[in-house]
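The block underneath contains the structure these notes are about, expressed in structure tokens.
Numbering (this note's numbering), first residue to last: 37 to 380.
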């Protein structure tokens, strides 16, 4: 009802033009899987919503990829309250942000659309081409996230993903440790060999990528094969980068709390992140109680409290990683405790 003919979906009733996280595909995919057991689900519903979401995905690509390089920016992406700037407005520095969370949301969106297309292609081969499109698009997003300009939005020194500010051709990482840097972890999906074997067109195209784009293999998790199931995994972080990001996520002095993951690392309680531009200081503090920022009308405080929806998406993602890695992947939980656990 509310989608614009150009594909944009409004954010909320008081600002239709804002851009909120593209979670509609994820929600529709979950609803579809609830409609019944495999083979008896409402494919008409899935096909109908897929067509509309295809318009919305294309709108995102055309409007929010500033340089056409698969790094996304602009819009109120749901994590703005923990950013250095109000990202819905022009930046005080000029230039634009290349957003770790915005790009991760699009990788997540892309993988969900791929899952939908693969499901629809089981009974309608027309959707094989759409599945190939989303597979290839995810590879492009993944490549940009991890390696564009050398390392993409990944900081090899810190072992974390950061937003980057691009001004006058210079790339400046905004080193705030927040959920923004953990969002790339949710972009993960397992491709079932049994499904792919029934889709000769998609399988041929995928194998072409695996054979002729080996240059991407070192930084992308798209050619790993599970030794137990034979399934493949698509994910933004490689195994090593996932492990390094989880060290922060499971650290009690950073994100890990008794009640869930903090939205901003507790390290910023003693060491707020500061950024100066045009004689003005911008900062991000860890303030889990009353906010100290006047952004978004004052005390719109998400700089520390636990965000339940994002925690849910991260838990779901960890389950998908575990389905692929199984017992071969264990991490310290909490970090530094010596207690090794799987991701289950």
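From the three backbone atoms N, C-alpha and C, an ideal C-beta is built for every residue, glycine too. Please read all numbers here as calculations on a predicted model, not as lab measurements.
For residue 86 and residue 48, the rounded distance between their alpha carbons: Mapped onto the chain shown, residue 48 falls at position 12. Mapped onto the chain shown, residue 86 falls at position 50. Roughly 22 Å between the two C-alpha positions.
Three-way DSSP call (helix, strand, coil) for residue 223 in this model: What you label residue 223 is simply residue 187 of the chain shown in a count that begins at 1. Residue state, collapsed to three classes: coil.
Cβ-based neighbour list, residue 385, same chain, cut-off 8 Å, excluding 5 preceding and 5 following: Since the displayed the chain opens at 37 and closes at 380, residue 385 lies outside it and no answer follows.
Presumed contact (8 Å Cβ cut-off) between residue 270 and residue 371, rounded CB distance: By 1-based counting over the chain shown, the position of residue 270 is 234. By 1-based counting over the chain shown, the position of residue 371 is 335. Separation of the CB atoms of residue 270 and residue 371 is rounded to 27 Å, and the pair is thereby denied contact status at 8 Å.
Counted within 10 angstroms of its Cβ, other Cβ atoms place residue 61 as buried (16 or more) or exposed: Sequence index remark: in the chain shown, residue 61 carries index 25 (1-based). Burial call: buried.
Three-state secondary structure (DSSP) of residue 292: One-based indexing of the chain shown puts residue 292 at position 256. Residue 292: strand per DSSP, three-state reduction.
Whole-angstrom distance between residue 143 and residue 101, CA atom to CA atom: Against the chain shown, residue 101 aligns to sequence position 65. Against the chain shown, residue 143 aligns to sequence position 107. Straight-line Cα distance between these residues: approximately 13 Å.
Cβ-Cβ separation, residue 93 to residue 149 (assumed contact under 8 Å), whole Å: As a first step, residue 149 must be located in the chain shown, where it is residue number 113. As a first step, residue 93 must be located in the chain shown, where it is residue number 57. About 6 Å; that satisfies the 8 Å criterion.
Backbone CA spacing between residue 294 and residue 163 [nearest angstrom]: Within the chain shown, residue 294 is the residue found at index 258, counting from 1. Within the chain shown, residue 163 is the residue found at index 127, counting from 1. Spanning the two alpha carbons is a distance of roughly 44 Å.
Inter-stretch contact (C-beta, 8 Å, three-pair minimum) for the segment 130–146 and the segment 205–217: Contact holds: three or more Cβ-Cβ distances are below 8 Å.
As assigned by DSSP and simplified to three states, the class of residue 142: Here residue 142 refers to the residue found at position 106 when the chain shown is read from its first residue. Three-state DSSP puts residue 142 in a helix.
The alpha helix (DSSP H) enclosing residue 68, as first and last residue numbers: Taking the chain shown and counting its residues from 1, the one referred to as residue 68 is at position 32. Counted as a single uninterrupted DSSP element, the alpha helix (DSSP H) harbouring residue 68 occupies residues 60–70.
Span separating the alpha-carbon of residue 82 from that of residue 192: The count along the chain shown starts at 1 and reaches residue 82 at position 46. The count along the chain shown starts at 1 and reaches residue 192 at position 156. Roughly 40 Å separates the two Cα atoms.
Rounded C-alpha distance that separates residue 283 from residue 159: Here residue 283 corresponds to residue number 247 of the chain shown, with the count starting at 1. Here residue 159 corresponds to residue number 123 of the chain shown, with the count starting at 1. A straight line joining the alpha-carbon of residue 283 with that of residue 159 spans about 43 Å.
Inter-residue Cα distance where the pair is residue 106 and residue 298: Numbered from its first residue, the chain shown carries residue 106 at position 70. Numbered from its first residue, the chain shown carries residue 298 at position 262. Cα to Cα, residue 106 sits roughly 28 Å from residue 298.
Selected residue, minimal CA-CA separation from residue 262, among 176, 250, 281 and 356: By one-based count along the chain shown, residue 262 stands at place 226. Measuring from the Cα of residue 262, the nearest candidate turns out to be 356.
Within 8 Å, strictly: CB atoms of residue 156 and residue 212: Against the chain shown, residue 156 aligns to sequence position 120. Against the chain shown, residue 212 aligns to sequence position 176. Cβ distance not < 8 Å, so residue 156 and residue 212 don't count as in contact.
Within 8 Å, strictly: CB atoms of residue 190 and residue 182: Counting from 1 along the chain shown, the entry for residue 190 is found at position 154. Counting from 1 along the chain shown, the entry for residue 182 is found at position 146. Contact flag set, yes.
Distance CB(residue 272)-CB(residue 220) smaller than 8 Å: The sequence position of residue 272 within the chain shown is 236, counting from 1. The sequence position of residue 220 within the chain shown is 184, counting from 1. Less than 8 Å divides the Cβ of residue 272 from the Cβ of residue 220.
C-alpha gap between residue 97 and residue 71, whole angstroms: Stepping through the chain shown from its first residue, residue 97 is reached at position 61. Stepping through the chain shown from its first residue, residue 71 is reached at position 35. Answer to the nearest angstrom: the Cα atoms are 30 Å apart.
Neighbourhood of residue 91 by C-beta distance below 6 Å, restricted to the same chain and skipping five residues each side: Mapped onto the chain shown, residue 91 falls at position 55. Counting only Cβ-Cβ distances below 6 Å, and skipping sequence neighbours, we find 43.
Any non-hydrogen atom of the ligand GTP closer than 7 Å to residue 90 Cβ: Annotation note on the ligand GTP: not contained in the displayed structure, which lists no ligands.
Assigned exposure category for residue 340 - 16 Cβ within 10 Å defines buried: Your numbering for residue 340 matches position 304 in the chain shown. So residue 340 counts as buried.
Strand pairing of residue 214, partner residues [DSSP]: Along the chain shown, read from residue 1 onward, the residue named residue 214 stands at position 178. Answer is 300.
Per-residue burial, residue 167 [other beta carbons within 10 Å of its own, 16 or more giving buried]: For this step, residue 167 is matched to residue 131 along the chain shown. Buried, because 16 or more other Cβ atoms sit within 10 Å of the Cβ of residue 167.
Reduced DSSP category for residue 37 - H, G, I as helix; E, B as strand; rest coil: Translated into positions along the chain shown, residue 37 becomes position 1. Residue state, collapsed to three classes: coil.
Element boundaries [alpha helix (DSSP H), containing residue 280]: For the purposes of this step, residue 280 is taken as the residue at position 244 of the chain shown. Counting along the chain, the alpha helix (DSSP H) containing residue 280 begins and ends at 275–285.
Of the residues 325, 361 and 308, the one placed nearest residue 319, counting alpha carbons only: To locate residue 319, count along the chain shown from 1; it is residue 283. Checking every option, the nearest Cα to that of residue 319 belongs to 308.
Which residues DSSP lists as bridging residue 134, in chain order: As a working mapping, residue 134 is identified with position 98 in the chain shown. 200.
Within 8 Å, strictly: CB atoms of residue 291 and residue 301: Mapped onto the chain shown, residue 291 falls at position 255. Mapped onto the chain shown, residue 301 falls at position 265. Taking 8 Å as the cut-off, the Cβ atoms of residue 291 and residue 301 count as close.
Rounded Cβ spacing between residue 225 and residue 147 (contact assumed at less than 8 Å): As a position in the chain shown, residue 225 is number 189, starting the count at 1. As a position in the chain shown, residue 147 is number 111, starting the count at 1. The C-beta separation of residue 225 from residue 147 comes to about 4 Å, placing the pair in contact by the 8 Å criterion.
Opening and closing residue of the alpha helix (DSSP H) in which residue 47 lies: Sequence index remark: in the chain shown, residue 47 carries index 11 (1-based). Unbroken run through residue 47: none, as it is neither H nor E.
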